[in-house]
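Start counting the sequence shown at 11; every next residue gets the next number (the working numbering).
One structure is given below, encoded as structure tokens.
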Amino acid sequence: MKKLSLPTWIAIGMAVGIAVGVIFGESAAAIRPIGDLFLRLIRMVVVPLIFSSLLVGTAMLGDPKKLGRIGGKTMAYYLCTTAIAITIGLVIANVVEPGKGIDEATQQRLLADAGAQSGGAIDRLSEQAPSVTDTLLQVVPTNPAAAMADGVFLQIIFFALLFGVALTLIPKKEHSEQVLVFFDGVNEAMIQIMHIVMKLAPIGVMALIASAIGQFGVDILRVLLAYALCVAAGLFLHVMLVYATAVRLFAGMSLRRFFRGIRPAQLIGFSTSSSSATLPVTMHHTTHDLGVSEQISAFVLPLGATINLDGTALYQGVATVFIAQVYGLELGLGGQLTIVLMATLASIGAAGVPGAGIITLALVLEQLGLPLEGIALILGVDRILDMLRTATNITGDASAAVIVASSEGQLWKAEPKAAERGQ
Ligand code: ASP
Numbered sequence: 011m012k013k014l015s016l017p018t019w020i021a022i023g024m025a026v027g028i029a030v031g032v033i034f035g036e037s038a039a040a041i042r043p044i045g046d047l048f049l050r051l052i053r054m055v056v057v058p059l060i061f062s063s064l065l066v067g068t069a070m071l072g073d074p075k076k077l078g079r080i081g082g083k084t085m086a087y088y089l090c091t092t093a094i095a096i097t098i099g100l101v102i103a104n105v106v107e108p109g110k111g112i113d114e115a116t117q118q119r120l121l122a123d124a125g126a127q128s129g130g131a132i133d134r135l136s137e138q139a140p141s142v143t144d145t146l147l148q149v150v151p152t153n154p155a156a157a158m159a160d161g162v163f164l165q166i167i168f169f170a171l172l173f174g175v176a177l178t179l180i181p182k183k184e185h186s187e188q189v190l191v192f193f194d195g196v197n198e199a200m201i202q203i204m205h206i207v208m209k210l211a212p213i214g215v216m217a218l219i220a221s222a223i224g225q226f227g228v229d230i231l232r233v234l235l236a237y238a239l240c241v242a243a244g245l246f247l248h249v250m251l252v253y254a255t256a257v258r259l260f261a262g263m264s265l266r267r268f269f270r271g272i273r274p275a276q277l278i279g280f281s282t283s284s285s286s287a288t289l290p291v292t293m294h295h296t297t298h299d300l301g302v303s304e305q306i307s308a309f310v311l312p313l314g315a316t317i318n319l320d321g322t323a324l325y326q327g328v329a330t331v332f333i334a335q336v337y338g339l340e341l342g343l344g345g346q347l348t349i350v351l352m353a354t355l356a357s358i359g360a361a362g363v364p365g366a367g368i369i370t371l372a373l374v375l376e377q378l379g380l381p382l383e384g385i386a387l388i389l390g391v392d393r394i395l396d397m398l399r400t401a402t403n404i405t406g407d408a409s410a411a412v413i414v415a416s417s418e419g420q421l422w423k424a425e426p427k428a429a430e431r432g433q
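Given below as structure tokens:
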């Protein structure tokens, strides 16, 4: 019998998880610890991996000019795709008008339920949503060790980038070399840990999905079906139109290869709802299966997992319009443009962790003067949408890595040999 590949096993794990969740309902939560174990194992690697790979990657790029060029391309791609994502979300929400079909009685019930269910959650949400200036200022850590201990990704990235650049500026090469060799070793060891952890993926995914389905059920979906479908359709369109076209056009990669290569990371992203936690998996498959050099993926992917959340941005576009429609408020063109701007910032400010998008959604709503209670309205279906947007976020990061690598001549057609891949 043909040996099944890891992605196939993960997909099987997922299907079994759905079945277990539907059959056992809330009791499926009993196997949640297995999923948590898997999640913790990946999380364990994230901070040392981001730090070491970004530091080595940056230092290896050598001259700051090259770094600037790659950084510029990456940021340009990230910003453009995010803006497109929000636009897709806005167009769908405005055309379908998911919030308008709700009759008044249901609308009242939804709003009353939302208020009752949320308790103090909404107030807490608005407290958590950072202001724009704070978001920008907080990129710079006052204590890098604390940033690592707390897992504040943007700060870790900032410090690692600066550290890497500083190493290239040290005149005595033997000094910088030693640091690099050390962190290169750390990096490789983390990758080895990931190889081991991924063997657990099918079972971990099964447990995560089973408990999610068991806990939240599919019932709530029915009420907010139109809204949830708008988000799901938008995400699907974004992946199939924007990423697929970009990968084909700018990198000449076959879509079959791209989607095959990135599938395990998508599945892990879907089941963990966290692009940061999935990062090691994304990095692994982007280098090994998509043929992106380690240098490029070490630079582009950690950055993307933290600031490039297209799925989140698209969802915020749909959610904002939906909430406005439910409350019977008109947004107008100015309002829609504000959404593009604010959702871009809000998705940059959102960390790649479960539920981050709904927290920074408060930022968008506040700017538009929309009631924050609207968040409670969509809370019920957020878990499932979070899964979908996380998978989208990850796909976006991988597409960026492929395109930037191709433009730098660092994309290998077949799986690269270890020696070639080495920096
Ligand atoms: N969970 C998402 C991610 O990690 C962020 C969000 O939209 O909540 O990519």
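Glycine included, C-beta positions come from ideal geometry on N, C-alpha and C.
Proximity winner among the options, relative to residue i (alpha-carbon distances)
{"i": "D46", "options": "A411, V412, L378 and A211", "result": "A211"}
{"i": "M250", "options": "I28, G345 and R266", "result": "R266"}
{"i": "P17", "options": "M216, L319, L380 and S221", "result": "M216"}
{"i": "G224", "options": "I28, G35 and I20", "result": "G35"}
{"i": "G419", "options": "G301, D396, G365 and G384", "result": "G301"}
{"i": "Y337", "options": "H298, V56, V175 and G384", "result": "G384"}
{"i": "L319", "options": "G174, N104, M263 and R399", "result": "R399"}
{"i": "V175", "options": "M200, R258, T84 and A69", "result": "A69"}
{"i": "W19", "options": "P274, I349, T292 and A86", "result": "P274"}
{"i": "V101", "options": "A366, A401, L371 and T330", "result": "T330"}
{"i": "L247", "options": "I404, I98, G82 and T405", "result": "I98"}
{"i": "A372", "options": "I206, D144, L343 and L382", "result": "L382"}
{"i": "F269", "options": "L289, P290 and H295", "result": "H295"}
{"i": "I201", "options": "L289, S15 and P181", "result": "L289"}
{"i": "T405", "options": "T255, V105 and K209", "result": "T255"}
{"i": "T354", "options": "R42, A86, R50 and M54", "result": "A86"}
Spatial neighbours of residue i in its chain, beta-carbon cut-off 8 angstroms, leaving aside the 5 residues before and after
{"i": "F260", "result": "I413, S416 and S417"}
{"i": "D73", "result": "T178"}
{"i": "V66", "result": "G174, L190, F193, D194, N197, A308 and Q433"}
{"i": "A25", "result": "none"}
{"i": "P151", "result": "A157, V162, Q165, I166, F168 and F169"}
{"i": "V328", "result": "G99, L100, I102, A103, P108, Y237, C240, V241 and G244"}
Euclidean distance between Cα positions of residue i and residue j
{"i": "L71", "j": "I80", "result": "9 angstroms"}
{"i": "L277", "j": "S284", "result": "11 angstroms"}
{"i": "A243", "j": "G109", "result": "16 angstroms"}
{"i": "A411", "j": "G161", "result": "23 angstroms"}
{"i": "K423", "j": "A287", "result": "28 angstroms"}
{"i": "G271", "j": "I96", "result": "26 angstroms"}
{"i": "L339", "j": "F332", "result": "10 angstroms"}
{"i": "I306", "j": "V196", "result": "18 angstroms"}
{"i": "F48", "j": "G23", "result": "13 angstroms"}
{"i": "T348", "j": "A170", "result": "33 angstroms"}
{"i": "E107", "j": "A334", "result": "10 angstroms"}
{"i": "A103", "j": "Y237", "result": "8 angstroms"}
{"i": "L245", "j": "N403", "result": "9 angstroms"}
{"i": "V30", "j": "I44", "result": "14 angstroms"}
{"i": "L77", "j": "G27", "result": "43 angstroms"}
{"i": "I52", "j": "G367", "result": "21 angstroms"}
{"i": "L351", "j": "L387", "result": "23 angstroms"}
Residue i, enclosing alpha helix (DSSP H) - first and last residue
{"i": "S409", "result": "D392 to S417"}
{"i": "Q335", "result": "D320 to V336"}
{"i": "Y88", "result": "P74 to V106"}
{"i": "E184", "result": "K183 to M208"}
{"i": "W19", "result": "L16 to F34"}
{"i": "G262", "result": "Neither: G262 is in no alpha helix (DSSP H) and is coded neither H nor E."}
{"i": "E383", "result": "E383 to L389"}
{"i": "G367", "result": "A366 to L378"}
{"i": "S307", "result": "E304 to I317"}
{"i": "H294", "result": "S285 to H298"}
{"i": "Q165", "result": "F163 to L179"}
{"i": "V241", "result": "L235 to L247"}
{"i": "I60", "result": "R42 to L71"}
{"i": "G362", "result": "Note, G362: premise wrong, no alpha helix (DSSP H); not H, not E."}
{"i": "P151", "result": "P151 -> no alpha helix (DSSP H), and no H or E assigned at all."}
Own chain partners of residue i with C-beta closer than 7 angstroms, once the 5 adjacent residues on each side are dropped
{"i": "V57", "result": "M158, G161 and I166"}
{"i": "V32", "result": "I223"}
{"i": "G345", "result": "L378"}
{"i": "A429", "result": "Here the model assigns A429 a pLDDT of 43, short of 50, so the residue's position is not dependable, and the following value carries that caveat. Correct list: empty, nothing qualifies."}
{"i": "L434", "result": "Absent from the model: residue 434. The displayed extent of the chain is 11 to 433, so no value can be given."}
{"i": "P364", "result": "S283, S284 and D396"}
{"i": "M263", "result": "V257 and V412"}
Other residues of its chain near residue i: CB distance less than 6 angstroms, five sequence neighbours each side excluded
{"i": "I317", "result": "I358"}
{"i": "K13", "result": "none"}
{"i": "M397", "result": "F280 and S283"}
Cβ contact check for the stretch 322-335 and the stretch 347-358: 3 or more pairs under 8 angstroms: The stretch 322-335 makes contact with the stretch 347-358; the number of CB pairs closer than 8 angstroms reaches 3 or more.
Touch test, the stretch 53-64 against the stretch 308-321, Cβ-Cβ under 8 angstroms, three pairs minimum: Verdict: yes, contact present.
Segment contact flag, the stretch 83-92 with the stretch 402-410, C-beta cutoff 8 angstroms, min 3 pairs: A contact exists between the stretch 83-92 and the stretch 402-410.
Inter-stretch contact (C-beta, 8 angstroms, three-pair minimum) for the stretch 177-197 and the stretch 35-44: Contact annotation: the stretch 177-197 does not touch the stretch 35-44, with fewer than three C-beta pairs closer than 8 angstroms.
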